[in-house]
Amino acid sequence: MPEWLKRLLRPVYFLVFRLRGYPGLRVHTLPIARMVNEYDDVWTYYFLKPADLTYEAGQYVHVIAPNAYLTNHTVRHMSFASAPAEPEIAISMDLASGSRFKRRFRRARVGHTVGFHTVRGGFVRDRTTEDRPLLFIAGGIGIAPIRAHIAELGESEADWSLIYAGRDYLYRDEWGAWPGRVAFVGRASLFAAIERRIGVPDQICFVCGSAGFVTDVKDFLAASGVEPDRIRTEKFDY
1 MPEWLKRLLR
11 PVYFLVFRLR
21 GYPGLRVHTL
31 PIARMVNEYD
41 DVWTYYFLKP
51 ADLTYEAGQY
61 VHVIAPNAYL
71 TNHTVRHMSF
81 ASAPAEPEIA
91 ISMDLASGSR
101 FKRRFRRARV
111 GHTVGFHTVR
121 GGFVRDRTTE
131 DRPLLFIAGG
141 IGIAPIRAHI
151 AELGESEADW
161 SLIYAGRDYL
171 YRDEWGAWPG
181 RVAFVGRASL
191 FAAIERRIGV
201 PDQICFVCGS
211 AGFVTDVKDF
221 LAASGVEPDR
231 IRTEKFDY
C-alpha cells in the first residue's frame, strides 16, 4: 500500500477503532489530580493510581493526551516517574516542542482526563541487580524513570547513588532526603563525576536521557572498563 494511501486511511482506522470501543485494548481514563511546573516548560502531572494499573519502576506507558481520542497524533509513550507503591501516578514532560500531543498538555487543567494503556519497558531492576551497587545517571527529563527507581528503593539498605546532569532539576524538594547520594552536575562536569563513582565491584549503571546523552555516557562507561552487561540504558527526552 502506498504511503499516501496509508496517511489517508489512518484517521478512518482510528475512528472505527474508537467506535468499536478499542477492542483488545484496556484504556484507563484518569483525571489530572494536580500539576507541578518543575521549571521553564517542564511539567509533572499527577493522577490517582487505580488498583488494576500495574507496572515496575523504570517502565513506560502509552499516554493519550488530555481530553483526546486515540490517534497517531495524540498518543506517546511516557515513563512512569512514580514508584508502583505510591498512591499517585506521575509523568513528566518538556512541553517546549509544541507538538499536537504537547499542546494538549499545555492547555490541560486539573480534572481533564488522560488515557493510559499498554505498559512496556525493560529499564527495570531484576534478579541480576539484587544486592548489587546501583549508579543512576540521568540527563534532563531522563530523571523520570530513575526517580521511580529511587522512590521505590527509599530508605532501604540498597547501595545506590545518582548523578543528575542538567541546566535545571526536577523534583527538587525530594533530593535533600539523600545527602551524599545525589550529585547535581552540568554537562561539562558530568564525566568527571562519573569517573569518581565508577570502579565499585559488581556495580550496575542505569543511564537515561536524550539519545545523544545516553550514547555519550555509554561510550564513556565502556571506555572506562564497565562491561556491557553492567550498563542499562533508556532513551527518554520528552
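By the UniProt record's numbering, the letter at position 237 of the sequence shown is numbered 237, and the numbering carries on one by one without gaps.
Even for Gly, the Cβ is constructed at its ideal location relative to N, Cα and C.
Requested in this report: Look at the alpha carbon of Arg106 and the alpha carbon of Ala211, and state the distance between them as a whole number of angstroms.
Outcome: When only Cα atoms are considered, Arg106 and Ala211 end up about 24 Å apart.
Requested in this report: Please go through the same chain and pick out, in chain order, the residues whose beta-carbon is closer than 7 Å to the beta-carbon of Val36, but skip the five residues on each side of it.
Outcome: So the list reads Trp43 and Thr44, once near-sequence residues are dropped.
Query - Nearest-angstrom Cα separation, counted from Arg76 out to Leu95 - result: Rounded to the nearest angstrom, the two C-alpha atoms are 13 Å apart.
Requested in this report: Would you check if there are 3 or more beta carbon pairs closer than 8 Å linking the region 198-206 to the region 172-184?
Outcome: Too few Cβ pairs lie closer than 8 Å, so no.
Query raised in the report: Taking DSSP as the reference, what is the three-state secondary structure of Phe236?
Result: Three-state DSSP puts Phe236 in coil, outside helix and strand.
Query raised in the report: Just curious, the alpha helix (DSSP H) that residue 239 is in, first and last residue?
Result: Outside the displayed span of the chain (1 to 238) sits residue 239, for which this structure offers no information.
Query raised in the report: Among Asp219, Leu170 and Val119, which residue has its Cα nearest to the Cα of Phe191?
Result: Selected option, being the one with the closest Cα: Asp219.
**Report entry** Three-state secondary structure (DSSP) of Ile146
**Finding:** Look at Ile146 here: in three-state DSSP terms it is helix.
Query raised in the report: Expressed to the nearest angstrom, what Euclidean distance is found between the alpha-carbon atoms of Tyr13 and Leu70?
Result: Note that Tyr13 scores 49 on pLDDT, short of 50, meaning its location in the model is unreliable and no value can be drawn from it.
Report task. Spell out the partners DSSP gives Val114 in its beta bridges. Result -> Its beta-bridge partners are Leu30.
Query raised in the report: Relative to the alpha-carbon of Met103, which residue among Glu56, Ala68 and Leu162 has its alpha-carbon at the smallest distance?
Result: First, the amino acid is wrong: residue 103 is Arg here, not Met. The shortest C-alpha separation from Arg103 is found at Ala68.
Query raised in the report: So, using beta-carbon positions, are Ile231 and Cys205 closer together than 8 Å?
Result: Yes, these two residues count as a Cβ contact at 8 Å.
Report task. Given a cut-off of 8 Å, decide if Ile163 and Ala188 are closer than it, judged by their beta-carbon atoms. Result -> Not a contact, by the Cβ cut-off of 8 Å.
Requested in this report: Would you tell me roughly how many angstroms separate the C-alpha atoms of Leu30 and Ser97, rounded to the nearest one?
Outcome: Answer to the nearest angstrom: the Cα atoms are 24 Å apart.
**Report entry** Proximity of Val61 and Val124 at Cβ, strictly below 8 Å
**Finding:** Not a contact, by the Cβ cut-off of 8 Å.
Query - 8 Å contact criterion, which Pro145 and Glu234 should meet: CB distance rounded - result: Sure, about 6 Å apart at Cβ, within 8 Å.
Report task. Within the same chain, show all residues whose beta-carbon is closer than 6 Å to that of Ala222, passing over the 5 residues directly before and after it, in chain order. Result -> Taking Ala222 as the centre and dropping the five residues before and after it, the same chain places no C-beta closer than 6 Å to its C-beta.
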